[in-house]
Amino acid sequence: MHMRRGEWAESVPISGIECVGTIASCPGNEIPIGTPVASIMGGLGRTIPGSYAEYTVARVENVVPLVDVEGGEEMRLSWGEVAALPESYATAWTCLFRNLGLERGHTLLIRGASSAFGRAAVNLAVEVGAVVTGTTRSMGKEGELKGLGVREVVLEGKGLPERMGKGVKFDRVLELVGNSTVVESLTMVKRDGRVCLAGWLGGLDPIQDFNPLLQMASGVHLNFFGSFVFGTPEFPLSDVPLRKIVKAVADGKFDAKPFKVFRFEEIQEAHRYMEEGLAKGKMVVVVDHSH
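Residue 1 is where the sequence shown starts when you use full-length UniProt numbering, and the numbers rise one by one after that.
Set out below in C-alpha cells:
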C-alpha cells in the first residue's frame, strides 16, 4: 500500500516482497530443482520485479529451503499456510533474538501485537518463555492475543505509560507502531533495557523534535531493524532458523494460520481488505488455489 500511495522511495511495476514455491531453475546449482523455498526481500518488488507473478526471479542469497529434500523431509503445510511465515517470522525472529537479545523470563512489550508481524513476535516470544504484554488498537482482539499466550493486553494509544502506571517498566520493547510512539516507548524500559523500532503501523511521518538529552533515559538502548537488509553479507538469511519455524508450525507448537487466503485473481480484493482495515492477521495470495 505504501508503494501504491507513493510513500515508499522504491517501486517497480510488479509488486511483492516475499514468496514461497519450488525451485524451477538454479544456474549455480546452489539449491536442487524442485526444492520448496521461501524468498524474502533482496529487492523483490522494490528494485526488481516482485512476487505478484507465476514465476519469480530472486537472488540466491535471499532464497532459503523450507525442508531438507535430500534428507527425505516433505512439506507438511499447504502453500497458503507456509506463505504466511517467511517475512513476518524472519523479521520477528531477528528483532527478538538479535536486536533485543530476548531470553526466557524477560518482560516484553509488543506495541502493535495484533498485526501479522506482532502475532509472529508473540508466538516466538511466548515459545521461548518471555512474559509478553501486547497493545492493540481494538480490544476486540484481546481474546485472540491471550489465546496466543499474551499475559496482558492494553489498548494502543497516546499516554500508554501513564495509563499503565509510571512504575511499569519492561526488559524489552518491540516497537511496531513506529515513529509516532517510539519516544514514549523509551520511557517504558528498565536500565539496560532495549527498544527495537521495526514497524510503522502508525505511519511513516518522521519523529518530531526528538531531543535525547531531554527525552531519553540514561542506560536505555534503542536500535532499528529493517528487513530490506536480509541477504546482505552482514544479515544472511541463513541466520534465521526458518526451517525450524516451519517445522514448529507444522508440529502445532503455535498458531500461525493466515487470516485469509486469496486466489491470484483476487489481489485487488486483498488490497481492499488492507486499505479498509479488515485484515486480522497475515493475508496470502496463491497462484494455484488447488495447493
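Glycine included, C-beta positions come from ideal geometry on N, C-alpha and C. Bear in mind the structure is a predicted one, so any value in this text is a computation, not a measurement.
- W79 sits buried, since 16 or more C-beta atoms from the chains shown fall within 10 Å of its C-beta.
- Going by beta carbons, L174 and L109 fall inside the 9 Å limit.
- Comparing alpha carbon positions, the residue from G147, V122, V126, V153 closest to R137 is V153.
- Between F170 and V183, the gap from beta carbon to beta carbon reaches 9 Å or more.
- Under the 10 Å beta carbon count, K282 is surrounded by 16 or more other beta carbons and is classified as buried.
- Nearest to A84 by alpha-carbon distance, out of K260, D288, R4, is K260.
- The beta-carbon separation of N62 and I40, rounded to 6 Å, stays under the 8 Å limit for a contact.
- Between the segment 271–281 and the segment 57–73, the count of Cβ pairs shorter than 8 Å is below three; the stretches do not touch.
- Within the segment 171–203, complete beta strand (DSSP E) segments of at least 3 residues are found at 189–197, given in chain order.
- Annotation: the continuous alpha helix (DSSP H) that includes R272 extends over 267–275.
- Non-local C-beta neighbours of M139 in its own chain, meaning closer than 6 Å and more than five positions away in sequence, comprise L155, ordered along the chain.
- Residue range 221–224 is occupied by the beta strand (DSSP E) that includes L222.
- Boundaries for G21: no alpha helix (DSSP H) harbours it, while the beta strand (DSSP E) harbouring it runs 18–22, taken from the DSSP string.
- K260 is bridged by DSSP to M283.
- Contact between the segment 50–65 and the segment 233–251 is present: three or more C-beta pairs spanning the two stretches fall below 8 Å.
- Note that the C-beta distance between V20 and V82 is below 9 Å.
- Counting along the chain, E152 sits inside the beta strand (DSSP E) bounded by residues 152–155.
- Straight-line spacing of the CA atoms in G193 and G252 works out to 32 Å.
- The Cβ atoms of L124 and L96 lie closer than 9 Å to each other.
- Annotated three-state conformation of A53 is coil, per DSSP.
- A Cβ-Cβ distance of about 3 Å is found for the pair G50 and G16, placing them in contact under the 8 Å criterion.
- Between the alpha carbons of F262 and I207 lies a distance of about 36 Å.
- Shortest Cα-Cα distance from I23 to any of S11, V37, P13 involves V37.
- Apart from sequence neighbours up to five positions away, the residues of its chain that approach I33 with a beta-carbon distance below 6 Å are I23, ordered along the chain.
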